[in-house]
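Have a look at the structure below before the remarks.
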Amino acid sequence: MNFSKIAISCFAAFACIAASAQVNKYCMESPDGKLHADFWLQDGCPTYSLNYGETSVILPSGLGFEMRGVLKSEDISFAKDGGVIKKDLHPGIMLNGGFTVKEITHSSFDETWEPVWGEESSIRNNYNEMLAVMEKCSNDGVYKMNMRFRIFNDGLAFRYEFPSGQKHGYMVIKDELTQFHMADDCFAWWIPGDYDSQEFEYTASYLSEVPEKLPASLRSNSSTTPVDNSSVQSSLQMKMRNGLYVNIHEAALVEYPCMHLHVDAASHTLSTALTPGADGWKGQIQTPFNTPWRTIQVATKATEQLASRMILNLNEPCALEDVSWIHPTKYMGVWWEMIAGYGRWDYTTDFQTVKLGESDYASAKPHGKHSANNENVRKYIDFAAEHGFDQLLIEGWNIGWEDWANCNKDYVFDFLTPYPDFDIKALNEYAHEKGIKLMMHHETSSSPRNYERHMEAAYQLMNDYGYDAVKSGYVGNILPEGMYHYSQWMINHYLYAIKEAAKHKIMVNAHEAVRPTGLCRTYPNLVGNESAMGTEYQAFGGIRPGHTCILPFTRLNGGPMDYTPGIFEMDLKKWCGNDSHVNSTICGQLGLYLTMYSPLQMAADTPEHYMEHMDAFQFIKDVPCDWSESRYIDAEPMDYIIVARKGKEDGKWYMGGVTDEQARDFTIKLDFLPEGEKFTAVIYQDAPDADCFTNEQAYVISTKKVSSKDKLKLHMAPGGGFAVQFK
Ligand code: NOJ
Ligand code: CA
7 MNFSKIAISC
17 FAAFACIAAS
27 AQVNKYCMES
37 PDGKLHADFW
47 LQDGCPTYSL
57 NYGETSVILP
67 SGLGFEMRGV
77 LKSEDISFAK
87 DGGVIKKDLH
97 PGIMLNGGFT
107 VKEITHSSFD
117 ETWEPVWGEE
127 SSIRNNYNEM
137 LAVMEKCSND
147 GVYKMNMRFR
157 IFNDGLAFRY
167 EFPSGQKHGY
177 MVIKDELTQF
187 HMADDCFAWW
197 IPGDYDSQEF
207 EYTASYLSEV
217 PEKLPASLRS
227 NSSTTPVDNS
237 SVQSSLQMKM
247 RNGLYVNIHE
257 AALVEYPCMH
267 LHVDAASHTL
277 STALTPGADG
287 WKGQIQTPFN
297 TPWRTIQVAT
307 KATEQLASRM
317 ILNLNEPCAL
327 EDVSWIHPTK
337 YMGVWWEMIA
347 GYGRWDYTTD
357 FQTVKLGESD
367 YASAKPHGKH
377 SANNENVRKY
387 IDFAAEHGFD
397 QLLIEGWNIG
407 WEDWANCNKD
417 YVFDFLTPYP
427 DFDIKALNEY
437 AHEKGIKLMM
447 HHETSSSPRN
457 YERHMEAAYQ
467 LMNDYGYDAV
477 KSGYVGNILP
487 EGMYHYSQWM
497 INHYLYAIKE
507 AAKHKIMVNA
517 HEAVRPTGLC
527 RTYPNLVGNE
537 SAMGTEYQAF
547 GGIRPGHTCI
557 LPFTRLNGGP
567 MDYTPGIFEM
577 DLKKWCGNDS
587 HVNSTICGQL
597 GLYLTMYSPL
607 QMAADTPEHY
617 MEHMDAFQFI
627 KDVPCDWSES
637 RYIDAEPMDY
647 IIVARKGKED
657 GKWYMGGVTD
667 EQARDFTIKL
677 DFLPEGEKFT
687 AVIYQDAPDA
697 DCFTNEQAYV
707 ISTKKVSSKD
717 KLKLHMAPGG
727 GFAVQFK
């Protein structure tokens, strides 16, 4: 299409003419007309801004890259003495100036698609799109870089596209120069950016306060590449002083490093801080190449942000032909007892340094606390099967746990050989007879090369014994040394593991991997990630109440979390001498099955602890983990969340809520229920004197006849919550 015509029609349609006669602004509007974005070249620099109605959200912000060419064979010649002569490395090019716009095209898109699992059974994907084709002529040739924008009712997204057919087909990214100049010193809920982990508690502060509140030293990793000490992680939830909720994240993170956001306190400008590789460069690309989407979600209410599906919509449709083997899964685990310190993953303390293939476990002296032993596993199988669970996770089943993490050891686990007291064949058969599956555990100890070395055999072993889901993990510093968990190299590894698993019809739940960016739409066998501070920290010193009231705005924006809820015994000292305390109530734990959406939900506590509260455990047994509808009723980041959902399979409505350290009382309209029908609401709520620090197990279960015209009064204790089932 002819560029000038499009530009003119765009100006005519949106009356969006720049103040300066020389600057052509290209404008975009969301389908409902409420969001407006402009794109233009400011002295040759790609620039954009975003408004909600009359309100400015993003002030003019620059886009671009600093690139370096790569050494190619034509840059190398051989000297007479046989030595190698390298020409000067490509000196680098700034791709944030000197551009001209060659063409602008506009289009619209509107479809409804059905996720394999999710918070609803169908999702509308509706946006207006604009593609700006650009070129920059420099001494060493022409650089082509396009910007593709999509504007939805719930936000703006854009990505960079480097088409093929340019001289520099290979480029090294020195820096991505995307800016988000916030129109306001927004209030933000953030965790520090360390390129390595999301296992932090959140800080709530104005953007201008971020640098002073960031921890001075983030990590003791051996990486040679320093951390940007002024960056926070995405998805970053913010609130403007005028009440608009703004969230910045990325979608479809593929073959590219994870983005953190550097905060300039004075101007409240956020700019991309990409995770470096061990060599200090940010990434390598080969054209044609599209970056992940940079996303700015805008909502007038907190509940709208929670209901936004923009991140999923920006991902490619499902890449798997057959998805019949992917299913929502409720599971228990031989897990919490090790996390809390009651049992152990390893089998012996006979030897400290274990060499796979050489260590003789059969003659080693067991210390007697190995949890994954035949008898204990059978006990869990019996309980999980009796109460209708789909699967049982078992950790510590395989040899190598004697010296697993942070020993800089490449060849840690073989993912194949069980400890002598774990009869893999017999236990799988026993579980299958009882109608449940065992869930595999692959702790990689952050040695991805070793995992890839064994992956095919490890997945084949799962197929042989009938496992169809794996929990993988990446604890410790990544080997090779200096590589971060969120580097491009590791991003490629995580996706490789998901794709290889799909070939074996295996569902993946990766812990300590990069936080999700909606890739589960394309690869729905990615059923979960941890990638945030999960329940385990309740046994590592405790988590402040309110943590689970922010995660759905941030971590869960890109995909579900294996948060592992369901702890009923909060006094770990009484149980196993652990000084840590679980800062929640039993009803607070029940509420999480609604507020922390995941197609993979765990009942994390032990059979013994559930047996003491079978009436409350009933809710965990009943609650589904796949939904046809979801209604966010009320929420405020890091304060509280209330949601109602309709089970995809049982067609019943459920409602749950969680609160921070403040007790809260709500009167909730039940207008989400179908009209004209009567229901029995089974209500699980904190007792009036319940408290997440002092009286965690006090709850009241009651029933009430209700219809869509009624309201329910519900109480949440400090750090507590509620759950309701409508029968
Ligand atoms: C950390 C994971 O988050 C936890 O769930 C697991 O038990 C340990 N790593 C051991 O793999
Ligand atoms: Ca973890």
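In the numbering used here, the protein residues as written are 7 to 733.
A virtual CB, placed ideally from N, CA and C, is assigned to each residue, including glycine.
Nothing here was measured: the structure is a model prediction, and the numbers come from that model.
Could you give the C-beta distance for Phe428 and Trp403, rounded to a whole number, given that I count them as a contact under 8 Å?
5 Å
For a quick check, are the C-beta atoms of Asp160 and Ala305 less than 9 Å apart?
Taking 9 Å as the Cβ cut-off, Asp160 and Ala305 qualify as a contacting pair.
Whole runs of the alpha helix (DSSP H) within the stretch 386-457, excluding any shorter than 4 residues:
For the stretch 386-457, the continuous alpha helix (DSSP H) assignments of 4+ residues that do not extend past its boundaries occur at 430-439, in sequence order.
Cβ neighbour criterion (16 or more within 10 Å) applied to Ser15
Residue placement at Ser15 is poorly supported in this model, since its pLDDT is 36, which falls under 50; the coordinates are not used for a value here.
What is the DSSP secondary structure of Ile14, counted as helix, strand or coil?
Bear in mind that the predicted position of Ile14 carries a pLDDT of just 31, short of 50, making it unreliable; the figure below should be weighed with that in mind. Reduced to three states, the DSSP call for Ile14 is helix.
Inter-residue spacing [alpha-carbon to alpha-carbon] between Ser714 and Leu41:
34 Å
Between Met316 and ligand 1, is there a pair consisting of the residue's CB and a ligand heavy atom that are separated by less than 8 Å?
no
Supposed contact pair Ile504 and Leu532 - C-beta distance, whole angstroms, cut 8 Å:
Indeed they touch by this definition, with Cβ atoms about 5 Å apart.
Go through its chain and collect everything with a Cβ distance to Gly597's Cβ below 7 Å, but skip five positions before and after it.
Gly662, Gly663, Val664, Gly727, Phe728 and Ala729
From Phe155 to Pro630, what does the alpha carbon distance come to, in whole angstroms?
37 Å
Taking 9 Å as the cut-off, decide whether the C-beta atoms of Tyr660 and Phe574 are in contact.
no
Using C-beta distances below 6 Å, list every residue in its chain close to Thr570, excluding the 5 sequence neighbours before and after it, in chain order.
Gly540, Thr541, Met608 and Ala610
Distance, Cα to Cα, Tyr208 vs Pro551?
11 Å
Same chain only: Cβ atoms within 7 Å of Ile12, ignoring 5 sequence neighbours per side:
Bear in mind that the predicted position of Ile12 carries a pLDDT of just 35, short of 50, making it unreliable; the figure below should be weighed with that in mind. Cβ neighbours of Ile12 beyond the five flanking positions: Ile110, Thr111 and His112.
Residue interval of the beta strand (DSSP E) (run including Gly534):
Leu532 to Asn535
Quick check: what's the CA-CA separation for Asn227 versus Trp287?
Because Asn227 sits at a pLDDT of 48, beneath the cut-off of 50, its placement in the model cannot be relied upon, and the following sentence gives the value as read from the coordinates. Roughly 18 Å between the two C-alpha positions.
Distance between Asp234 and Arg225 (C-alpha atoms, nearest Å)
Its pLDDT being 45, under 50, Arg225 is placed unreliably in this model, and the value from its coordinates should be taken loosely. Between Arg225 and Asp234, the C-alpha separation is close to 11 Å.
Using a threshold of 8 Å, is the CB atom of Trp351 nearer than that to any non-hydrogen atom of ligand 1?
Residue side-chain check: Trp351 places its Cβ nearer than 8 Å to a non-hydrogen atom of ligand 1.
Can we count Gly479 as close to ligand 1, meaning its CB is less than 8 Å from some heavy atom?
Under cutoff, so the answer is yes.
What is the C-beta distance between Tyr492 and Tyr201, in whole angstroms, given that I count them as a contact (C-beta under 8 Å)?
5 Å
Between which residues of its own chain and Asp568 is the CB-CB distance below 8 Å, once the five residues before and five after are set aside?
Lys477, Asn515, His517, Gly534, Asn535, Glu536, Gly540, Ser604, Leu606 and Met608
Three-state class that DSSP yields for Ile179 in the structure shown
In this structure, Ile179 counts as strand in the three-state DSSP scheme.
Could you tell me the alpha carbon to alpha carbon distance between Glu702 and Arg455, rounded to whole angstroms?
44 Å
Please classify Gly39 as buried or exposed, where buried requires at least 16 neighbouring CB atoms within 10 angstroms.
Answer is exposed; the Cβ neighbour count stays below 16.
Would you kindly check if the distance between the Cβ of His255 and the Cβ of Asn57 is under 9 Å?
no
If you measure from the CB of Glu734, is any heavy atom of ligand 2 nearer than 8 Å?
The shown model of the chain, from 7 to 733, leaves out residue 734, and the question about it has no answer.
Tell me whether the beta-carbon of Ser586 lies closer than 9 Å to the beta-carbon of Ala346.
For the 9 Å CB-CB criterion, Ser586 and Ala346 form a contact.
So, helix, strand or coil for Tyr603, using DSSP?
Coil at Tyr603, not helix or strand.
Taking 8 Å as the cut-off, is the CB of Glu401 close to at least one heavy atom of ligand 2?
no
Assuming Thr301 contacts Ile317 under a Cβ cut-off of 8 Å, what Cβ separation, rounded to an integer in Å, is found between them?
So it is a contact: roughly 6 Å between Cβ atoms.
Would Ala25 be called buried (16 or more neighbouring beta carbons within 10 Å of its own) or exposed?
Only weak support exists for where Ala25 lies, its pLDDT of 42 falling under 50; the value from the coordinates is given anyway. Ala25 comes out exposed.
Output the boundary residues of the beta strand (DSSP E) element that contains Trp331.
Taken as a continuous stretch (DSSP letters only), Trp331 belongs to no beta strand (DSSP E), as it is neither H nor E.
Just the Cα atoms here: how many angstroms apart are Asn253 and His187?
Looking at the two C-alpha atoms, the distance is approximately 13 Å.
Helix, strand or coil for Arg521, going by three-state DSSP, please let me know.
coil
Identify the continuous alpha helix (DSSP H) that holds His510 and give its terminal residues.
Taken as a continuous stretch (DSSP letters only), His510 belongs to no alpha helix (DSSP H), as it is neither H nor E.
Using only the alpha-carbon positions, how far apart do Asn4 and Asp677 sit?
Shown here, the chain extends from 7 to 733; a query on residue 4 therefore has no answer.
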